[in-house]
Amino acid sequence: MPKNLRFAVGAGLIVAAIGYLIVTAVRDTAEYYLTVNEVKVRQGELGGQMLRVAGRVAPGSIGWNPVTLTLSFGLAQPPPPDEPGVKAVSAAMTGPTVFHVICRGEPKPDMFAANRDVIVEGALSPDGTIEARQVLTSCPSKYVPKQPGQPPSQQAQAQ
Amino acid sequence: MSLIGQLALALALVLAAYSIIANVVGARASIPSLTSSARHALWAMCAMVTVAVGALLTSLLHSDFSLEYVASYTSYSLPTIYKITALWGGQQGSLLFWTWLLTIFTSIVAFQNRRRNLEIAPYALAVLAGLAIFFLGMLNFVTRPFDLLAVIPNDGQDLNPLLQNYWMAIHPPSLYTGYVSASVPFAFGAAALMAGRLDDSWIRSTRRWAIFSWFFLTLGNMFGARWAYEVLGWGGYWAWDPVENAAFMPWLVMTAYLHSVMIQERKDMLKVWNLVLIGMAFGLTLFGTFITRSGVISSVHSFTQSGLGPYFLTFLITVTVLYTGLLLSRVKQLRTPAEFESYLSREAAFLFNNLVLVGIAFAVFWGTLFPVLSEAVRGVKITVGPPFFDKVNAPLALALIFLMGVGPLIAWRRSSFDSLAKTFAAPALFGITTGGCAFIAGLREWYVLTALSLAAFVIGTIVVEFRRGVSARRHMVAESVPAAMVNLIAKNNRRYGGYVIHLGVVLAFTGIVASAFFKTEVKKSVKQGDTFQVGAYDLEYLGLETSETPHVETVRARVEVRLNGKPIAMMEPAKLFYKRLQQPATAVAIRSTPAADLYVVLAGIDDQSGLATFQVFLTPLVFWLWAGGLIMALGTVIVMWPNVRERAVIAAAVRAPAPFEDDVQAVPGGD
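Each protein sequence line maps, in turn, to chains A and B.
Using my numbering, the first residue of the first sequence is number 1, and each one after it goes up by one.
Using my numbering, the first residue of the second sequence is number 1001, and each one after it goes up by one.
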């Protein structure tokens, strides 16, 4: 069936073109997605690259200038989650500041606060400061069942 | 209530199990009384799940905080409407809601096919009951909506403020309806393979279900985008987040399916491909639920690990393996002698449209899973963000729009260059002229110029088709132009409804391109009485107003918008504070016109300095994205509208297994 074969060639070309698009786009846009500790370990090789770093806002480190829209804060390693379905969000468990983050020209996100989990998108400079393009707060979505400030009975359940 | 609900869910599970056995045995041994009792079991199952839904709803409305679910997702002060929507606001409730839809659709299918499709319907119903067993099993044993709390709290935790929004009230039900109704054509496809009834009767009997599913997937995606636009306050509507992608992929594959089944109906080709597509569409609906619930992929909406992931993955793999095995066992019988004759044919255009749609779906899939894959293969988590999806999909979208103009008009089998020139000269000229005018007007982005030209080209083809149809009618019957137009659509609703959908797609596409390329953003901290400029508009910050209800505290900024010195609007962006959750939220102010949206966010208020920070977006043509969505929905309603002639054809087809003359039932664009 030569006609169908001719079509298979055409279809193959299209598939190859789409594959090529995907490969080049991955090459051009890929960013490391790392936790604070992972970045710390590989600090030397990551300098200057665009990164996404998942961490937690260290308490007492937040500086916000509403005139220049400059946000600065310390980024700490969040504690490991205890068990599936339960997210421990306790202040005592946030570690010390590992990186200093500066984000200029963006409004402060609504949910931004001490001990919140954030994703910082930016580049790491040699002095350990992350110049952030964007700071995303992971919003406690509808499927996060346990939060602090909830009825005591539920916290009991969560243990 | 809890007891009633639990009991009902347990009974529903038993009924589903019975119905599978009775359906399969009844069909194998041809015992009509057994398949009939299986049908009744399905109806009873649906009644039981309805009772469970009623029980949960009653508990929600009465704020019965002895139920863990009610306490987790509502509070006393929550407005009644959101107490109702909390039914699908949490995990257990959303699964119950999903199951409820599934059992309702199963019951309707059982009713529709009580006297027809007797060869394959029992198998299809068994497949649907099998799906119900999985979900009922989850509800009975894994994630139980009727679990009680040991100690009854004084008040519940309240619903996430982001979900306390009109669009969030209607987005999940639309999407779920789209997801769940996709299981009907899937079940019939699987049933056709099981029963060995491999003609296209499974497609014809479920054509309306497939379009119904597509309709709600379209609405679900649109509502979700609209929600993001109004609630998230970043000026955009789509961020290629895994959760969004999960809803987008089934839509893409369903779109491909709806086009390629026309080729099978007309030319008896692509039989295996259609079965693959419907399998993929259904699999992606499960996959979507899996990635949103499993925490495998981190999303900004971080759905925490809920323990459901492994169950969904196991189920997904089981379904995939079984279905693939079934398909492979029949693949020899599915071969057809028909073949593609020419690249310049409608078959070819539809085939390429399919490849591009599935290609986009694959790119989205790949980008969504990339962090997981890179971690598995290279040990490092690497993400690709929105730039990846934009880069890959931008050229593919152009190809798709081009094919959308060509596909419906080009001839079947083969097309000569002469006829091509005759058909496409006017639309092509219109497209090139539009692009040229935009260039002269100063537009230099090649992508936007191409997109505009192609959009104009497609609109040109649609206009040509309508004109041709109307003038043909007016030759035969004396009718006014509007009357001829209405009759034309009514008599050929599949074809002309399809054109209306295409028109909506083109408008939405234009809105997307314009808003992606020409959005301007201004961020400014200002004192009361200050004025700042955004595009041609002057915005004056007049001051703050506060108000309070028991549920929420509101700080509202008053901003006067002036154009050439004349006040044209008062906009009131606000910051909300939800008391129960101690959570702030943003309420955006939007002034929408067909030319551009002015989008004002009150990003912050500094108590010490008295400065208010505003973030303002001026987004051209984004209006047309929503308008296009509405037109797509309208077109789909036209396509789904009952058509007497078609009914007769289907009835004849499902009664007689004989091969079927296909030119009675015009596929869209059949000439």
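In this text, a Cβ means the ideal position worked out from N, Cα and C, and glycines have one as well.
Exercise for review: On a CA-only basis, which of A:R104, A:D28 and A:V98 is nearest A:V41? Give me that one, please.
Suggested key: In terms of CA proximity to A:V41, A:V98 leads the group A:R104, A:D28 and A:V98.
Practice item. Determine whether the Cβ of B:E1244 lies closer than 8 Å to any Cβ atom of chain A. Key: Put simply, the CB of B:E1244 is far from chain A, with every gap to its CB atoms at 8 Å or more.
Review point. B:F1577 touches chain A at which residues, Cβ-Cβ below 7 Å?
Key: In chain order: nothing, as chain A lies at least about 10 Å away.
Review point. In three-state terms, what does DSSP make of B:G1196?
Key: Correct three-state label for B:G1196: coil.
Point to revise | Assigned secondary structure, A:F112 (DSSP; H/G/I helix, E/B strand, else coil) | key: Three-state result, A:F112: coil.
Check your understanding: With a Cβ-Cβ cutoff of 8 Å, do B:G1156 and B:S1075 count as a contact?
Key -> A Cβ-Cβ contact shorter than 8 Å links B:G1156 with B:S1075.
Check your understanding: Do we get a CB-CB distance below 8 Å when we pair B:Y1237 with the residues of chain A?
Key -> When Cβ-Cβ separations below 8 Å define contact, B:Y1237 makes no contact with chain A.
Check your understanding: Listing by chain order, which chain A residues have their CB less than 9 Å from the CB of B:L1611?
Key -> Identification of chain A residues near B:L1611 by a Cβ-Cβ cut-off of 9 Å yields P66 and V67, ordered along the chain.
Check your understanding: Can you give the beta carbon distance from A:Y33 to B:T1383, rounded, assuming they're within the 8 Å contact cut?
Key -> 4 Å between Cβ atoms; contact.
Check your understanding: Does the separation of the CB atoms of B:Y1176 and B:W1251 fall below 8 Å?
Key -> Taking 8 Å as the cut-off, the Cβ atoms of B:Y1176 and B:W1251 do not count as close.
Point to revise | Cβ neighbour criterion (16 or more within 10 Å) applied to B:M1570 | key: By the 10 Å Cβ count, B:M1570 comes out exposed.
Point to revise | Of the residues A:G10, A:I22, A:V9 and A:K3, the one placed nearest B:F1365, counting alpha carbons only | key: Among A:G10, A:I22, A:V9 and A:K3, the Cα nearest to that of B:F1365 belongs to A:I22.
Exercise for review: Evaluate the contact criterion for the stretch 1426-1435 of chain B versus the stretch 1468-1478 of chain B: three or more CB pairs, one atom per stretch, below 8 Å.
Suggested key: No contact exists between the stretch 1426-1435 of chain B and the stretch 1468-1478 of chain B.
Point to revise | Touching by the beta-carbon criterion (3+ pairs, under 8 Å), the stretch 1178-1191 of chain B and the stretch 1133-1143 of chain B | key: Under the 8 Å Cβ criterion, the stretch 1178-1191 of chain B does not count as touching the stretch 1133-1143 of chain B, having fewer than three qualifying pairs.
Exercise for review: With B:T1531 as the anchor, note down where its beta strand (DSSP E) starts and where it stops.
Suggested key: Taken as a continuous stretch (DSSP letters only), the beta strand (DSSP E) holding B:T1531 covers T1531 to V1534.
Review point. So the alpha helix (DSSP H) B:R1473 belongs to, where does it begin and stop?
Key: Per DSSP, the continuous alpha helix (DSSP H) segment holding B:R1473 begins and ends at W1446 to M1476.
Review point. In three-state terms, what does DSSP make of B:M1269?
Key: In this structure, B:M1269 counts as coil in the three-state DSSP scheme.
Practice item. For A:V160, return the contacting residues in chain B, with the cut-off set at a CB-CB distance below 7 Å. Key: Outside the modelled stretch of chain A, which goes from 1 to 159, sits residue 160 of chain A, for which no answer is possible.
Review point. Which chain B residues sit within Cβ distance under 7 Å of A:P107?
Key: In chain order: K1523, A1603, G1604, T1613 and Q1615.
Check your understanding: Could you give the distance in angstroms between the alpha-carbon of B:I1317 and the alpha-carbon of B:V1380?
Key -> Roughly 26 Å between the two C-alpha positions.
Check your understanding: On the premise that B:L1015 lies in contact with B:A1041, defined as a C-beta separation below 8 Å, what is that separation, rounded to the nearest angstrom?
Key -> Indeed, because the Cβ distance is near 5 Å, the residues count as touching under 8 Å.
**Study point:** Residues near B:I1605 by beta carbon distance below 6 Å, same chain, minus five either side
**Key:** Short of 6 Å from the beta carbon of B:I1605, and not among the five residues preceding or following it, lie these beta carbons of its own chain, in chain order: A1612.
**Study point:** Three CB pairs or more closer than 8 Å across the stretch 1219-1230 of chain B and the stretch 1159-1176 of chain B
**Key:** The stretch 1219-1230 of chain B vs the stretch 1159-1176 of chain B: in contact.
Point to revise | Among B:L1258, B:W1240, B:L1159 and B:G1235, nearest to B:T1206 - alpha-carbon criterion | key: When each option's Cα is compared against that of B:T1206, the closest is B:L1258.
**Study point:** DSSP three-state assignment for B:L1015, whether helix, strand or coil
**Key:** The DSSP-derived three-state label of B:L1015 is helix.
Check your understanding: Assuming B:A1589 contacts B:P1573 under a Cβ cut-off of 8 Å, what Cβ separation, rounded to an integer in Å, is found between them?
Key -> 4 Å between Cβ atoms; contact.
Check your understanding: Would you say B:I1572 faces chain A, with C-beta separation under 8 Å as the test?
Key -> Inspection of the sequence shows that residue 1572 of chain B is occupied by Glu rather than by Ile. Not a single C-beta of chain A is nearer than 8 Å to the C-beta of B:E1572.
Review point. Taking the alpha-carbon positions, what's the B:T1050 to B:V1180 distance?
Key: Distance between the alpha carbons of B:T1050 and B:V1180 is about 16 Å.
Practice item. Spell out whether any CB of chain B is found under 8 Å from the CB atom of A:V36. Key: No Cβ of chain B is located within less than 8 Å of the beta carbon of A:V36.
Practice item. Return the residues of the stretch 1577-1597 of chain B that lie within a Cβ-Cβ distance of less than 7 Å from chain A, sorted by chain order. Key: So the close ones are Q1582, P1584, A1585 and T1586.
Review point. B:N1353 and B:L1400: beta carbons closer than 8 Å?
Key: In this structure, the beta-carbon distance from B:N1353 to B:L1400 falls below 8 Å.
Check your understanding: For the stretch 1-13 of chain A against the stretch 1335-1349 of chain B, are there 3 or more C-beta pairs whose distance is under 8 Å?
Key -> In the pairwise beta carbon analysis, the stretch 1-13 of chain A is classified as touching the stretch 1335-1349 of chain B: at least three pairs are separated by under 8 Å.
Practice item. Put A:A88 into one of helix, strand or coil per three-state DSSP. Key: At A:A88, the pLDDT of 45 sits below 50, so the modelled position is not reliable; the number obtained from the coordinates is stated separately. Note: A:A88 maps to coil in three-state DSSP.
Practice item. Tell me, please, whether the CB atom of B:Y1176 is closer than 8 Å to any CB atom in chain A? Key: Answer no: the Cβ-Cβ gap between B:Y1176 and chain A never drops below 8 Å.
Practice item. Just the chain A side, please: which residues come within less than 8 Å of B:I1382 by C-beta, in chain order? Key: Those are A30, E31, Y32 and Y33, listed as they occur along chain A.
Point to revise | Any 3 or more C-beta pairs closer than 8 Å across the stretch 1617-1633 of chain B and the stretch 1484-1491 of chain B | key: As far as the Cβ criterion goes, the stretch 1617-1633 of chain B does not touch the stretch 1484-1491 of chain B, which means the pair count is below three.
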